[in-house]
Ligand code: FES
Ligand code: FES
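Residue numbers (our numbering): 3 to 165.
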C-alpha cells in the first residue's frame, strides 16, 4: 500500500507492505541508516525517531502508521553545516564510545530539550530511561545533554568548532 509522510522536512511516498516497520522503512527504503535497529523487542531504544516531535521507538510503529505525519531522524538534526548542540555536546563530553545507542539518545534528548530547555539530571535520566547504552554508563550521556542545554543558542560547524 502507498504511504506518504514527511521525513526530515521532505515529503516521501513509497509502496510498502502493510507489515513493514518504520525502522525498516527508514533504513531500507530511504537509506536513512542513522536510525539503528538493536533488539526488535522494544527494549534498547536505539531506533528512536521523532513523530510530530515526540520520541517514538520506530521498531514499534508500522510505516503506514506514520503516514501523514512528520518524522525526524538523526540525519535531520544537523542544519546545513551546523551541528545541533546535542551533537556538539556528545563530542565535548564523550557521550559515546561505540555510538550504537547514540542516534536514539540524541533524538530522545532533542525532544526533551525542545519541551524542557533546562532539565534537571533526574529529568534527563528519566527521559533516557527507555534506552540502553552498553558502553558509557550514562554519566557522560547526561553530561552531554546538560552541555547542550547550556549551549542551546550556540552554533557549531561540522568540524565541531563552536562559533
Ligand atoms: S530496535 Fe527498537 S527498541 Fe530496540
Ligand atoms: S556508546 Fe556504545 S552502546 Fe552506547
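All C-beta atoms, glycine included, are put in the ideal place defined by N, C-alpha and C.
Specify, as a first and last residue, the run of the beta strand (DSSP E) that residue i falls within.
i, result
"residue 17", "12-17"
"residue 133", "Per DSSP, residue 133 belongs to no beta strand (DSSP E) and is neither H nor E."
"residue 8", "4-9"
Between which two residues does the alpha helix (DSSP H) carrying residue i extend?
i, result
"residue 87", "87-94"
"residue 1", "Residue 1 lies beyond the stretch modelled for the chain, which goes from 3 to 165, so this question has no answer here."
"residue 146", "141-152"
"residue 124", "123-129"
Sorted by chain position, which residues of the same chain lie with C-beta nearer than 6 Å to residue i's C-beta, five sequence neighbours on each side aside?
i, result
"residue 150", "87, 88, 91"
"residue 78", "10"
"residue 128", "none"
"residue 104", "98"
Using 7 Å as the cut-off, classify the Cβ of residue i as near or not near the heavy atoms of ligand 2, replying yes or no.
i, result
"residue 103", "yes"
"residue 99", "yes"
"residue 110", "no"
Leaving out the 5 sequence neighbours to the left and right, which residues in its chain are closer than 8 Å to residue i when beta-carbon positions are compared?
i, result
"residue 64", "20, 21, 22, 23, 24"
"residue 138", "96, 97, 98, 99"
Does any heavy atom of ligand 1 sit closer than 7 Å to the C-beta of residue i?
i, result
"residue 1", "The displayed coordinates of the chain run from 3 to 165. Any statement about residue 1 would go beyond what the structure contains."
Kindly indicate if chain D contains any beta-carbon less than 8 Å away from that of residue i.
i, result
"residue 86", "Protein chains in the displayed structure number just one, and chain D is not present."
- Message: Closer than 6 Å between the C-beta and any heavy atom of ligand 1: which residues qualify, listed along the chain?
- Response: 39, 40, 41, 42, 44, 45, 46, 47, 48, 49, 59, 61
- Query: Unbroken beta strand (DSSP E) runs of length 3 or more, entirely within the region 50-114: which are they?
  - Reply: 50-53, 56-59, 72-74
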